[in-house]
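Participant: Numbering (full-length UniProt numbering), first residue to last: 1 to 972.
I am attaching a structure below and will ask some questions about it afterwards.
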Amino acid sequence: MICLLHFRSNVTVKLPTLYYALSCQVYLVLSENFIIELLEANIIQNYKAKTEQVSNFYQNNYYKVKKLPFRNFKLELWVNWYVRKYTKTNIIFDTKWIDYLKKCSQDKLTGKKFITENKCLLCDFEYKDQEALNNHVETESHKIRVQYVVDKSKLELSEDVAMQIIQPQGKHLIVNYPIQVHINLVLRLTNKSNNPLNFTDVIVVNSLIKEVCLQEEFEKGVLIEPDRSVDIKAYAYFENSRTFNYPVIIVTEDRESGKKTYHLKEIAFEITSELSSLKPESEYVNNKPNVDYIFAEDAIIPGEKPFVQSSYTEAFPLQQYKIPKDMKKIFEDIIRRCPQFIEEGAAARPFFSHFSMLLNVCPPVTKENYHDNMAKLLHIEENQMCINMKNYDLLTPLHAIRGSRLYSLNVPGLAEDRPSILVFDRIYVKENKHAKIKYEGYVHHVMEEVIHVGLHRKFDDIYLKNKHYFIEFAFNRRSIRAEKQALLLAEAHQIVPSLFPSRGETILLNSDVDISFANTVLNEEQRTAVKSILPHKNFPFVIFGPPGTGKTVVVVEAAYQIWRNYPNSKILLCAPSNSAANEIAVRLMDIIPKSNLFRLLGRFYASALERRYKRLDEIINVSKDGTFYIPAMEELLNYRILITTIVTAARLVNGGTPMGHFTHVFIDESGYSTETQTLIPIAGILSNAQSPGKLTGQIVLAGDPKQLGPVVQSGFARHCGYGVSLLERLINTCDVYARNKSDESYDNRFVTQLVRNYRSHRTILTVPNELFYCGQLIAAGNDFADLFVGWQHLKNEQFPIVFHHVEGEDVREKTSPSFFNVQEIEVVVSYLEKIFADKVKGYPIKEEHVGIITPYRKQAEKLRKAVKKKWSYLSVGSVEEFQGKEKLIVIISTVRSKNNHKFEEIDKKCQLGFLKNPKRFNVALTRAKALLIVIGNGNVLKTDSNWSSFIRYCSQNNSIAGKGFQNDAASA
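As structure tokens, this is what we get:
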């Protein structure tokens with residue numbers, strides 16, 4: 001059976017039957033462990049096993065995880081070469097695979113998996129040669145530790161030897177203390193048997209727990225008579241909170257037979273702090289998507305829209321551009337059989353090549369496959385956005401608002417944009433999760449934790465006070481619709497080749513204007529960029545602006561020069577965010593008459609306009625009484641300069657902007673937009689059907705390809721290049737934007753790199769400068785750059801950076817996949833107390849001076865709870881939230897860690913996840929002006945090359961705090 005799938009690109013994708021292709025080629029997850037366990041259970045004998053036995057073992061141990069019928073799992077084993085053939089009663093396994101997996105099983109039993117090239121991880125023992133290793137693996141302590149991690153149930157839990165803590169007094173093996181207290185313990189061992197026991201040793205199982213020490217001098221080889229005891233002293237001290245078991249093995253020997261017995265005892269440590277309440281409320285549960293629910297097509301009863309005053313009419317209405325039904329069916333089949341398609345990270349990456357084949361997506365993006373690839377990636381991203389919104393669905397009562405047609409409902413997490421809801425967004429109300437009818441509700445008002453929605457009158461028929469309704473949240477499709485429209489227009493207007501410029505096709509026109517700079521303090525590179533923008537080109541010009549170099553200053557100055565020197569020019573200035581667009585507008589108001597400017601707001605944002613931009617009231621589409629309105633196109637086109645977000649620029653396209661009206665389009669922070677988003681203010685504004693293949697105006701892209709790129713929700717779409725901005729693609733793949741190999745400079749006719757950083761102390765800039773900017777950035781400083789030089793809490797008083805090593809525990813809770821680390825939060829709070837305790841060189845430190853950055857949403861949430869009582873106005877957020885911002889002091893909590901207190905996970909590799917992203921690393925480290933404090937597990941972080949460079953830099957400058965960091969590798 002062949003499935004023919006048709007896309008708008010007129011390309012037909014041939015796929016084998018999805019049920020076969022997906023089950024056979026994609027879903028290998030636990031097969032090797034399964035076969036190893038069959039070997040250990042002696043079910044596989046001479047490379048074959050009874051089908052019935054294998055089936056029973058699968059049903060009892062693996063079905064709940066795999067959720068595949070046994071016949072499908074058998075097919076999976078065969079496709080991946082583990083099985084050679086099946087007979088009616090037997091399964092014949094591949095000999096090479098079985099031999100290999102037997103060896104893996106033996107390595108596990110002998111502890112070889114815990115031996116690296118120079119160290120035994122179990123015993124924390126470093127060896128110099130093979131002889132030393134051979135001697136070590138024969139030691140009693142090593143063998144005991146291997147037994148513990150392989151199968152500790154085989155160690156005796158007999159009652160022959162009792163252990164209790166007698167100082168402090170207690171009957172149970174529980175130690176409960178606050179952090180940073182010196183703990184002296186006395187452990188009493190008592191012979192409860194009827195025979196004398198020779199007490200020979202106490203083996204500490206987890207050699208990596210350094211906070212607890214048993215005394216070395218306790219008496220060994222002593223004979224303990226029945227009901228007699230021997231005491232062991234121990235000492236403990238904890239910098240951070242911990243909850244863990246401390247296993248020890250008591251070794252006794254029978255005097256007559258010489259037989260040794262190993263008695264396992266586990267001491268429970270509960271070390272608490274004021275922040276212990278932040279620990280997980282419950283264990284993390286990874287909910288697999290319910291495909292039937294995700295793709296259910298319920299009947300929708302339309303809601304009641306908010307009123308909008310408008311003189312605007314669409315000459316070309318923005319179409320819906322929904323995901324084609326045949327592609328939706330592919331998504332449904334893929335997700336049903338392989339949930340990895342909608343997952344992130346290591347779980348999904350091995351499957352990407354299969355998904356590429358099934359969807360006929362061929363990265364990278366080229367001129368030839370541009371429309372086909374981008375169209376599919378847009379559909380894939382939209383599908384993921386729909387699925388991600390399902391995470392916020394909830395059961396909650398609705399409350400009728402007296403005197404209106406509106407209902408209110410409480411939305412947990414709304415204040416933190418989880419979910420993000422704006423006026424005019426939609427929700428859906430159902431009587432229960434499985435109801436086939438849902439009532440569309442338009443959002444009329446948004447408060448901190450409450451929204452008001454307008455529902456159809458028919459909802460009154462089913463409404464009951466205090467009844468819990470099932471609420472579905474929907475993401476706003478306007479952006480994705482505008483992207484799809486822009487992609488179609490770029491193809492129809494034949495401007496795609498202009499997005500792949502080469503030297504032989506570029507045209508430059510000379511500019512002979514006399515420049516009088518409005519901003520007289522522009523540096524040399526900024527002036528060069530402005531001068532390079534003025535000559536018209538048939539390709540995008542790039543302002544490459546690393547952190548703190550003033551790229552927005554260049555955008556504003558260039559717009560001013562065009563406005564001043566070209567009276568017939570019309571300029572459109574865009575940015576991906578409203579805050580960035582507002583910043584441009586405010587700066588332009590200082591140098592250009594307000595009558596020439598208009599800041600066009602989107603209706604979703606107008607109701608939440610930041611009050612710090614009060615000055616904008618004179619140039620925005622909000623009336624004096626606070627009413628939002630949409631101006632007529634005639635009014636908008638009269639302004640010399642329009643400022644808007646990228647998405648809102650689509651109104652100019654659909655409103656019917658005349659051919660050639662805009663002469664210049666600037667896109668600030670363009671590295672933060674997907675390529676299809678960047679097309680929105682270009683296709684249909686600087687292109688038209690009457691002049692195919694021609695850009696009718698100048699494009700200027702400002703941004704930094706080395707900082708964070710677009711936020712993309714689909715891991716697969718990101719893998720295929722959807723997360724690469726137009727700015728980054730041009731810089732990295734087009735020869736006209738490439739660095740000169742001889743001196744690492746750029747051709748200023750095409751791209752100008754700004755190099756003077758006015759933000760950070762030179763030490764803070766050093767590592768990002770070397771790693772990402774060829775060492776070309778110059779620390780131009782600021783008035784406060786040296787403020788913390790000499791601060792008493794620095795490890796090196798001339799070096800305003802601290803790396804604080806903490807071996808915390810990264811955990812998750814409930815159904816949230818986001819990690820948090822309470823031990824790091826404790827360290828963050830300790831630094832905040834030091835920062836706010838005193839003035840620094842007579843300068844009072846305020847909350848507005850400090851930013852706390854973490855890559856994980858849950859860590860940010862827990863941090864806000866931790867600091868709320870003392871410092872309620874602190875900025876705490878993700879790296880994305882801090883892009884484009886700066887703070888006098890920045891504290892970074894990296895979160896990911898390896899928990900050495902869980903001995904059974906000693907060989908587990910810590911996945912760095914977000915932390916391995918070089919752009920996220922770059923942005924996080926370049927937000928600080930005067931003081932940078934990074935908190936994390938250095939032993940884990942140094943496995944990444946960028947973090948290793950930073951930690952080595954701190955080590956070389958004697959600026960590492962905390963205990964337990966293995967400094968040798970970082971300073972190598």
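Ideal placement from N, C-alpha and C gives every residue a C-beta, glycine not left out.
Please tell me whether L701 and F541 are closer than 9 angstroms, where the distance is taken between their beta carbons.
Facilitator: Contact: yes.
Participant: Note down the Cα distance separating E449 from I427, rounded to an integer number of angstroms.
Facilitator: Whole-angstrom Cα-Cα distance: 15 angstroms.
Participant: Once you ignore the five residues that flank R611 on each side, which residues in its own chain have a CB closer than 7 angstroms to its CB?
Facilitator: Interpretation of R611 is limited by its pLDDT of 45, a score under 50 that renders its predicted location unreliable; no figure is taken from the coordinates.
Participant: Can you name, in chain order, every residue of its own chain whose Cβ lies under 7 angstroms from the Cβ of Y639, other than the five neighbours on each side?
Facilitator: N596, L597 and F598, listed in sequence order.
Participant: At 4 residues or longer, and completely inside the segment 328 to 352: list those alpha helix (DSSP H) runs for me, N to C.
Facilitator: As far as the segment 328 to 352 is concerned, it has no whole alpha helix (DSSP H) run of at least 4 residues.
Participant: Looking only at its chain, what residues have a beta carbon closer than 6 angstroms to the beta carbon of L832, apart from the 5 residues adjacent to it on each side?
Facilitator: Once the five neighbours on either side are set aside, L832 has no close Cβ partner at all.
Participant: Buried or exposed: where does T116 fall if 16 or more other Cβ atoms within 10 Å of its Cβ makes it buried?
Facilitator: Exposed: under 16 other Cβ atoms inside 10 Å.
Participant: Could you tell me the alpha carbon to alpha carbon distance between V829 and L874, rounded to whole angstroms?
Facilitator: Taking the straight line from one Cα to the other gives about 12 angstroms.
Participant: Alpha carbon to alpha carbon, how far is Y953 from K942? Give it in angstroms, no decimals.
Facilitator: Roughly 12 angstroms between the two C-alpha positions.
Participant: Determine contact between the segment 435 to 442 and the segment 302 to 321, defined as no fewer than three beta-carbon pairs at a distance below 8 angstroms.
Facilitator: Result yes; three or more Cβ-Cβ pairs closer than 8 angstroms.
Participant: Counting Cβ pairs closer than 8 angstroms, one from the segment 643 to 656 and one from the segment 314 to 325, do we hit at least three?
Facilitator: Yes, they touch.
Participant: Can you tell me the Cα-Cα spacing of T752 and F819, whole angstroms?
Facilitator: T752 and F819: Cα-Cα distance of roughly 40 angstroms.
Participant: How many Å lie between G884 and A928 at the Cα?
Facilitator: Their backbone Cα atoms lie some 12 angstroms apart in a straight line.
Participant: Indicate the three-state DSSP secondary structure (helix, strand or coil) for A961 in the structure shown.
Facilitator: In this structure, A961 counts as strand in the three-state DSSP scheme.
Participant: Whose CA, out of F295, V202, I224 and N432, lies closest to the CA of Q215?
Facilitator: Closest by alpha carbon: V202.
Participant: Contact check, S725 vs G671 under 8 angstroms by CB: the rounded distance?
Facilitator: Contact flag correct, Cβ pair sits at about 5 angstroms.
Participant: Can you have a look at K85 and say buried or exposed, based on whether 16 or more other CB atoms are within 10 angstroms of its CB?
Facilitator: It is exposed - the Cβ of K85 has fewer than 16 other Cβ atoms within 10 Å.
Participant: Considering only residues of the segment 717 to 799, which uninterrupted beta strand (DSSP E) runs meet the minimum length of 3 residues and lie entirely inside it, listed in chain order?
Facilitator: Counting whole runs of 3 or more residues, the segment 717 to 799 contains the beta strand (DSSP E) stretches 751 to 753.
Participant: Rounded to whole angstroms, what is the Cα-Cα separation between L394 and L275?
Facilitator: Approximately 29 angstroms, taken between the alpha carbons.
Participant: Can you look up K260 in the DSSP assignment and give me helix, strand or coil?
Facilitator: In the structure shown, K260 sits in a strand (DSSP, three-state: E or B).
Participant: What would DSSP say about I835, mapped onto helix, strand or coil?
Facilitator: Residue state, collapsed to three classes: helix.
Participant: With 16 as the cutoff for other CB atoms within 10 Å, does T552 come out buried or exposed?
Facilitator: Its Cβ being crowded by 16 or more others within 10 Å, T552 is buried.
Participant: With DSSP collapsed to three states, give me the class of H661.
Facilitator: It is coil, neither helix nor strand.
Participant: Residue 979 and C104: beta carbons closer than 9 angstroms?
Facilitator: Beyond the ends of the chain as shown, which are 1 and 972, falls residue 979; an answer cannot be given.
Participant: Report the start-end ranges of each beta strand (DSSP E) in the segment 484 to 564 that is 3 residues or longer and not cut off at the edges.
Facilitator: With a minimum length of 3 residues, the continuous beta strand (DSSP E) runs that stay inside the segment 484 to 564 are 541 to 544.
Participant: As a quick exercise: from P226, S945 and G781, pick the residue whose alpha carbon is nearest that of N917.
Facilitator: Closest by alpha carbon: S945.
Participant: When you compare each of L534, K741, N582 and L754 to I562 by their alpha carbons, which one comes out closest?
Facilitator: Residue L534 is the option with its Cα nearest to I562.
Participant: Taking C-alpha atoms, which residue in L777, P576 and L68 lies nearest to R337?
Facilitator: Minimum Cα distance to R337 is reached at L68.
Participant: For T284, collect the residues of the same chain with a Cβ closer than 8 angstroms to its Cβ; drop the 5 residues on either side in sequence, then sort them by chain order.
Facilitator: Contrary to the premise, residue 284 reads as Tyr rather than Thr in this sequence. Answer for Y284: V811, R812, E813, K814, T815, S816 and P817, listed in chain order.
Participant: So what does Y442 bridge to, in DSSP terms?
Facilitator: For Y442, which the question treats as bridged, DSSP gives the partners R426 and G454.
Participant: Which residue from R615, V181, R477 and K898 puts its Cα closest to that of N939?
Facilitator: When only C-alpha atoms are compared, the closest one is K898.
Participant: Just verifying my parser: in three-state terms, what is the DSSP assignment at D124?
Facilitator: In the structure shown, D124 sits in coil (DSSP, three-state: anything other than H, G, I, E or B).
Participant: May I have the straight-line CA-CA distance separating K467 from P397, to the nearest angstrom?
Facilitator: Using only the alpha carbons, I get a separation of about 5 angstroms.
Participant: Is T87 buried or exposed, if buried means 16 or more other CB atoms sit within 10 Å of its CB?
Facilitator: With fewer than 16 other Cβ atoms within 10 Å, it is exposed.
Participant: Quick one: using the 10 Å Cβ neighbour count with 16 as the cut-off for buried, is K919 buried or exposed?
Facilitator: So K919 ends up on the buried side.
Participant: By Cβ distance below 6 angstroms, which residues in the same chain neighbour residue 974 in space, the five residues on each side in sequence not counted?
Facilitator: The structure shown has nothing for residue 974, since the chain only spans 1 to 972.
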